[in-house]
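In UniProt numbering, the protein residues as written are 1 to 193. Yeah, the Cβ is synthetic: ideal placement off N, Cα and C, and Gly gets one too. Comments concern the structure below.
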Amino acid sequence: MTEFNWDDSAVLLLIEKYQENELLWNPRHMDFKNRNKRNDAIGDIASVFNIASSEIERKLKNLSSHYFREKRKYEESKRSGSGREDVQLPKWFVYKALSFLNDRNAPVPTLNSHTSKSSQDNITPQTTLPSTRTSRKRNIERDPEVDEALQLLREITSDARQRDDAAIFADYISSKLRKMDRYTMLNNPDYCL
């Protein structure tokens, strides 16, 4: 199968269709997580170009990641201390056309709904705090055999920790003596130590 020729006009048309289907790029859209509707929207775009949906998805992902890479470079050049005349917008031909993607990561301001009578006229927007994930422990049914094995391992390791250097050295000497034959032990007592 031959690959689709993405000339400039085709890319601009794809971006236009992408922007029209907000559920594909805006996480705050009510159907953003609805996989069926997203697949239908991708299929509609694919039918315009008469190519496979997977090709459209791949191209949109590439365009999006390239846009954010260009945007990051632009933001870094602004922060680097360069003069205003040195900082230029990226020259990529679809950079401005994809600028609608900036809205997808913007925090949504919320309003304080708890107001007193004196402050009803002064509604102030509040920024949302990032949520922290809390880990949940799973309820695992414990196997008595596993518990017994764990207890045995704990006892063995606690015994090993309680032994001092002298006890360990004595074990070493006794293992050496056990390996020697009786003739060597009796005729060479200095060799034993």
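Proximal residues to residue i (C-beta, below 7 Å), its chain only, five neighbours per side dropped
i    : result
A149 : none
L12  : V94, A97
S116 : For S116, the predicted model reports a pLDDT of 48, less than 50, meaning its position is unreliable; a value from the coordinates is still stated below. Closer than 7 Å at the Cβ level, and outside the excluded window around S116, lies no residue.
F32  : L23, N26
Candidates the options, of which the one nearest residue i by Cα
i   : options             : result
N62 : M180, F32, Y95      : Y95
L60 : R72, R28, A10       : A10
Y18 : N39, E3, I168, R182 : N39
E3  : A52, R28, H29       : A52
Residues near residue i by beta carbon distance below 6 Å, same chain, minus five either side
i   : result
Y74 : P90
I56 : I42, I45, A46
R79 : none
Residue i vs residue j beta-carbon contact at 8 Å
i    : j   : result
L101 : Y67 : yes
W92  : E70 : yes
Nonlocal neighbours in the same chain, by C-beta distance under 8 Å from residue i, ignoring five residues either side
i   : result
I15 : L63, V94, A97, L98
Exposure label - residue i; buried when at least 16 CB within 10 Å
i   : result
A41 : buried
N21 : buried
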